[in-house]
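One structure is given here, and the rest of the page talks about it.
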Amino acid sequence: MSSSPTPAAGTAAAPHVVEDCLGFVQLLSDGTVRRSTDYSMLRPTGRVPSDSDLPVQWKDVVYDDAHGLRLRMYRPTNAGATKKKLPVLVYFHGGGFCLLSFEMTSFHAAALRLAAELPALVLSADYRLAPEHRLPAALDDAESVFSWLRAQAMADPWLAGSADFARVFVTGHSAGGNISHHVAVRLAGCVMLWPYFGGEEPTPSEAACPADQVMGPALFDQMWRLALPAGATKDHPFANPFAPGSVQLGDLGAAFPPVLVVDPDQDPLHDRVVDYVARLKAAGKDVELVVFAGQGQGHGFFATEPCGEAADELIQVIRRFVHGRLSDCQSRVDGSN
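Count the sequence shown with full-length UniProt numbering and you get residues 1 to 337, in order.
Below you can see the structure in the form of structure tokens.
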């Protein structure tokens, strides 16, 4: 049996890996982080639309010079010609606050579909990732996106020519759904796709999840350890919207916007999502829950299969919510109420 050599007296042991998140992020014992941004193996299944498949144009812009943060703006190619103003969807990607980027094939495909098929002007934004930048960094960056949007409302030709600022929605996938909750009080509408919430007490849907399921509690718990402030538990308000110290929903009054929550019922976070919606309703909030029951869909299905049957249905659900809010949504992005 071999053993590692004992460090000489006075010599510090070499840093070792204390957290390894799918091989993409490694946290070392001395606090340093190794990160890979090569997500090429995380390709979605089935057909993926290319830029030439859908009548959408896109461009990348920097929204935060200080942190070098970018977003990708998508606009239907006929938007300028029709003169019809489009709703604005600000989209935040998933990845447990630790991984991924708007540039990933799956998120790019999702944004292309949303822009073309709703139709809408879509802003898909990156944000700082943990553990280098623990929460609330991502939430602060989301606020910066909307500050940028207000500042650019008339300066950017795509926004000035195509954006309907009476219909601005925040939407997000998993961690992006969590972000949507935390910034929703400033917006005209909110679309949460399987929001990433947590808590110390396991729910039945989490307890029933097979131990070897990749998108399951073990990975989610690891990402919370990497993303939350050092020493915080999953009952921190960033993870658990009903933990002590969270904003009380009843105190928000009419400020909390209409919300659409989408839940794939095979998601380990199913119970947390259902409880979230129930509490919103109990607080008198305008919330709609759409459950993809009996379809065998799990956490993140829009990213894993952006052109599947469930994704087609999801587009219809979002379209109905976004375009049905024309009469009762008033954006706070342009400073009005």
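The beta carbon of each residue, even a glycine, is placed where N, CA and C say it ideally should be.
Check                                                                                                                                                       : Outcome
Helix, strand or coil, according to DSSP, for Gln266 in the structure here?                                                                                 : coil
Can you give the Cα-Cα distance for Gly31 and Arg113, rounded to whole angstroms?                                                                           : 40 Å
Applying the 10 Å Cβ sphere with the 16-neighbour rule, what's the burial state of Asn78?                                                                   : exposed
Sort Gly250, Asp156, Gly199 and Ala283 by Cα distance to Ala243 and report the nearest one.                                                                 : Gly199
Given that a residue counts as buried once 16 or more other Cβ atoms are within 10 Å of its Cβ, and exposed if not, what is Ser106?                         : buried
For Cys190, which beta-bridge partners are listed by DSSP?                                                                                                  : Val170 and Val259
At what residues does the beta strand (DSSP E) containing Ala125 begin and finish?                                                                          : Leu121 to Ala125
Which complete beta strand (DSSP E) runs does the stretch 55–91 hold, if anything under 3 residues is left out?                                             : 56–64 and 69–76
Apart from the five residues just before and just after Ala175, which ones in its own chain have a Cβ nearer than 7 Å to its Cβ?                            : Gly94, Gly95, Gly96, Phe97 and Tyr196
Can you give me the Cβ contacts of Leu28 inside the same chain, cut-off strictly under 8 Å, excluding the 5 residues immediately before and after it?       : Pro15, His16, Val17, Val18 and Arg34
Where does Asp51 sit, in a helix, a strand or coil, going by DSSP?                                                                                          : coil
Exposed or buried, Gly177, counting other C-beta atoms within 10 Å across all chains shown (16 or more means buried)?                                       : buried
Sorted by chain position, which residues of the same chain lie with C-beta nearer than 6 Å to Ala137's C-beta, five sequence neighbours on each side aside? : Arg128
If I'm right that Glu126 touches Phe102 with Cβ under 8 Å, what's the distance once you round it to whole angstroms?                                        : The sequence given here places Asp at residue 126; Glu does not occur at that position. Yes, Asp126 and Phe102 are in contact; Cβ-Cβ is about 5 Å, under 8 Å.
Would you call the stretch 238–252 and the stretch 158–169 touching, i.e. three or more CB-CB distances under 8 Å?                                          : no
Which same chain residues, not among the five before or five after His323, have their C-beta less than 6 Å away from its C-beta?                            : none
Determine whether the beta carbon atoms of Val88 and Phe169 lie at a separation below 9 Å.                                                                  : yes
Tell me which residue opens and which closes the beta strand (DSSP E) that Arg134 is part of.                                                               : Run containing Arg134: none; DSSP gives neither H nor E here.
Could you pull the start and end residues of the beta strand (DSSP E) that Val290 belongs to?                                                               : Val287 to Phe292
Per DSSP, what kind of secondary structure is Phe321 in: helix, strand or coil?                                                                             : helix
When DSSP labels each residue in this structure, what does Gln297 get in the three-state scheme?                                                            : coil
Given a threshold of 16 other Cβ atoms within 10 Å of its Cβ, counted over all protein chains shown, does Thr45 qualify as buried or as exposed?            : exposed
Once DSSP output is grouped into helix, strand and coil, what is the label at Arg35?                                                                        : strand
Going by C-alpha to C-alpha distance, which of Gly308, Arg70, His236 and Asp221 sits closest to Ala142?                                                     : Arg70
Considering just the uninterrupted stretch of the beta strand (DSSP E) at Leu27, what are its terminal residues?                                            : Val25 to Leu28
Should Ile315 and Leu118 be called a contact, given that it needs their Cβ atoms to be closer than 9 Å?                                                     : yes
Using three-state DSSP, classify Val247 as helix, strand or coil.                                                                                           : coil
What are the boundary residues of the beta strand (DSSP E) that includes Asp212?                                                                            : Careful: Asp212 lies outside any beta strand (DSSP E) and carries neither H nor E.
Just the C-alpha distance for Leu193 and Arg279, rounded to the nearest angstrom, thanks.                                                                   : 17 Å
Look at Phe292 and Thr171 and say whether their C-beta atoms are less than 9 Å apart.                                                                       : no
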